[in-house]
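Written out below as structure tokens is the structure these notes cover.
Below you can see the structure in the form of structure tokens.
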């Protein structure tokens, strides 16, 4: 049992932090299944991050005298129960409420497991394991959620968490000689600079992951599995960051600054996609993944370095990250929703232009325009299904090749409009990453 | 070097990614912009005869109407399609645009002579068999001397109730009936005027 205690606790930490973005790829399915609105379904994501961001520091401060074994076990059990509740939710309100409870359990898990991992592995390795598990969870959440949604259902995202978390409850209780609650006479203030940078970067990474999967699934109409495989570039590149840093041996400040720059560069790359092909997103995502791998763990280490109480400072990093995600969503959602609405006009004009000039007969143009008009009216807030409009229009044999080409051209115009609609949001995300860089390079006050 | 190695690599990576994306048109991946409606545009039609002529006339006409109203032809067409009732300005601009289109087609030589349209018109019209045979027997030169296509079209456009025409776009039979009535009247008026001028 002792051998699996550490890994089980680390996996649970990763699960909690993966939950921050794990439902991103499942949002379109949840929207349909629970018959809700875009604004409401966004709260499935926001509620978890908001509650976790708000309660984690008070939890660490208020429960610092509680035995971390009980804290961890109760948190894991609560997290597992809330996950099961999420899976069986039949309305959006219930799902959001369950996500809030999940975040409450998650806060206890993160606070409790830090002390438990330190007990299992010792201070240095325990903290490193806690941080690494968090980075892996954050980076792989959307990927895992997308695959599960495609293979089974959105509910499976929550079902799979239950047995893993359930196993971790005895693991938490089995930790021998858990560290006694800390009662240090000294109490350091939170590290403002790394926590602020973490918040900015989390907001920027929200742009990268949340907006990218929306673009892939809702915009370019790829399956959640295809989108999940595509966004797996981020965690893979994040793994490559550490060997690169070891090779070039930069200082931690340089590493963090470069990480911010790479995330900003990757987001600018996503804003300047030359085509609606998945392959074009790979290089910008690789930059973001490298940046993520260089920054998140270093910033967390910096925020916690030699600061006591340890768990309190660890919780500040979690709070900063998740409130950063909420702020990112709050800033980016109106920008991208507005741009998506604005994109309808140029898309409709481009479609009109191509239909007017298409080498098909006038009667076919009128009939097609009627079908396209109905399709556009039916598909408010969603990318229109042009294929259905073409299916409903009868073309003479001599016009069929031209009609097929026209359908491809119109789809290309829609993809152009949708991709263009995301540009400003990705650029805002890049701006947030650069704000993180500014915080890093801003001259320090001399002691 | 410890400070510069990683930043140099990062700058090179970002520059390479953005450079390739910009080289492949990353900054201009946008929907097709609408063309200037006042600029000359070549229009084509897949149909022959009256259908082809009507399509070319309408395509030129909406461009001209857009130019008059200061909007693109796409904006003008979408506005007509999406807002049930066209405004007086839109109806006036469309009529003026169609009349301008007749003049432009006459000027650039793309307006077919009336004789080229007679067979097509007779196919579409439900005339008595003897009368149809008699009209088909009239030599082309006589038809062209009696009827000028641009004159007939201009009269038909002046006569057409464009507001009703736009509301009939979805109903092919109603549309045909309305246009046929206007063109028949225009042919009669044109012939009467020709006879009057001869006398």
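Protein chains in written order, with the numbering used here: chain E, 2 to 448; chain L, 2 to 200.
Beta carbons are placed, not taken as given, at the ideal position from N, Cα and C, and that holds for glycine.
Since we're looking at a predicted model, the values are computed, not measured.
Cross-chain neighbours of residue 171(L) in chain E, by beta carbon under 9 Å: 367, 371
For residue 367(E) and residue 59(L), believed in contact at Cβ under 8 Å, the rounded distance: Actually they do not touch by this definition, with Cβ atoms about 10 Å apart.
The alpha helix (DSSP H) enclosing residue 11(L), as first and last residue numbers: 6 to 24
Residue 23(L) versus residue 272(E): straight-line alpha-carbon distance, rounded: 11 Å
Continuous alpha helix (DSSP H) assignments of at least 4 residues falling wholly in the stretch 111 to 151 of chain E: none
Three-state class that DSSP yields for residue 395(E) in the structure shown: coil
Contact list for residue 52(L) against chain E, beta-carbon separation under 9 Å: 362, 363, 364
Alpha helix (DSSP H) runs wholly inside the stretch 321 to 352 of chain E, at least 4 long, in chain order: none
Environment of residue 139(L) [buried if 16+ CB atoms lie within 10 Å]: exposed
Rounded C-alpha distance that separates residue 158(L) from residue 206(E): 60 Å
Any C-beta of chain L under 9 Å from that of residue 426(E): no
Cβ shell of residue 425(E) (< 8 Å), same chain only, five flanking positions each side left out: 272, 336, 337, 340
Through-space distance from residue 298(E) to residue 124(E), alpha-carbon basis: 16 Å
DSSP state of residue 400(E) mapped onto helix, strand, coil: helix
Alpha-carbon to alpha-carbon, residue 84(E) and residue 167(E): 11 Å
Within 7 Å of chain E by C-beta, residues of the stretch 9 to 40 of chain L in sequence order: 10, 11, 14, 15, 18, 19, 22, 23, 25, 26, 27, 28, 30, 31, 32, 33, 35
Residues in the stretch 73 to 93 of chain L having any Cβ partner in chain E nearer than 9 Å: 73, 74, 75, 76, 78, 79, 82, 83
Cβ contact (3+ pairs, closer than 8 Å) linking the stretch 287 to 298 of chain E and the stretch 9 to 28 of chain E: no
Length of the line joining the Cα atoms of residue 150(E) and residue 173(L): 47 Å
Cβ pair count under 8 Å reaching 3, the stretch 146 to 166 of chain E against the stretch 37 to 50 of chain E: no
Cross-chain neighbours of residue 201(L) in chain E, by beta carbon under 8 Å: A question about residue 201(L) goes unanswered here, because the residues of chain L that appear run from 2 up to 200.
Exposure label - residue 110(E); buried when at least 16 CB within 10 Å: buried
Span separating the alpha-carbon of residue 255(E) from that of residue 347(E): 43 Å
Pick from 311(E), 286(E), 263(E), 351(E) that is closest to residue 432(E), judged by C-alpha positions: 263(E)
Under 7 Å by beta carbon: chain E residues contacting residue 6(L): 249, 251
Beta-carbon spacing of residue 51(E), residue 324(E) below 9 Å: yes
Residue environment, residue 400(E), which counts as buried when at least 16 other CB atoms sit within 10 Å: buried
Beta carbon of residue 192(E) nearer than 9 Å to that of residue 234(E): no
Expected contact under 8 Å - CB spacing of residue 112(L) and residue 151(L) to nearest Å: 6 Å
Nearest-angstrom Cα separation, counted from residue 270(E) out to residue 118(E): 38 Å
Cutoff 9 Å: residue 98(E) Cβ touching any chain L Cβ: no
7 Å Cβ shell around residue 62(E) - same chain, five flanking residues per side excluded: 313
Residue nearest to residue 177(E) in terms of C-alpha spacing, selected from 79(E), 236(E), 116(E), 141(E): 116(E)
Anticipated Cβ contact below 8 Å, residue 7(L) with residue 246(E), distance rounded: 7 Å
Helix, strand or coil at residue 71(L) [DSSP, three-state]: coil
Option nearest residue 302(E) by Cα separation, candidates 100(E), 129(E), 69(E), 105(E): 129(E)
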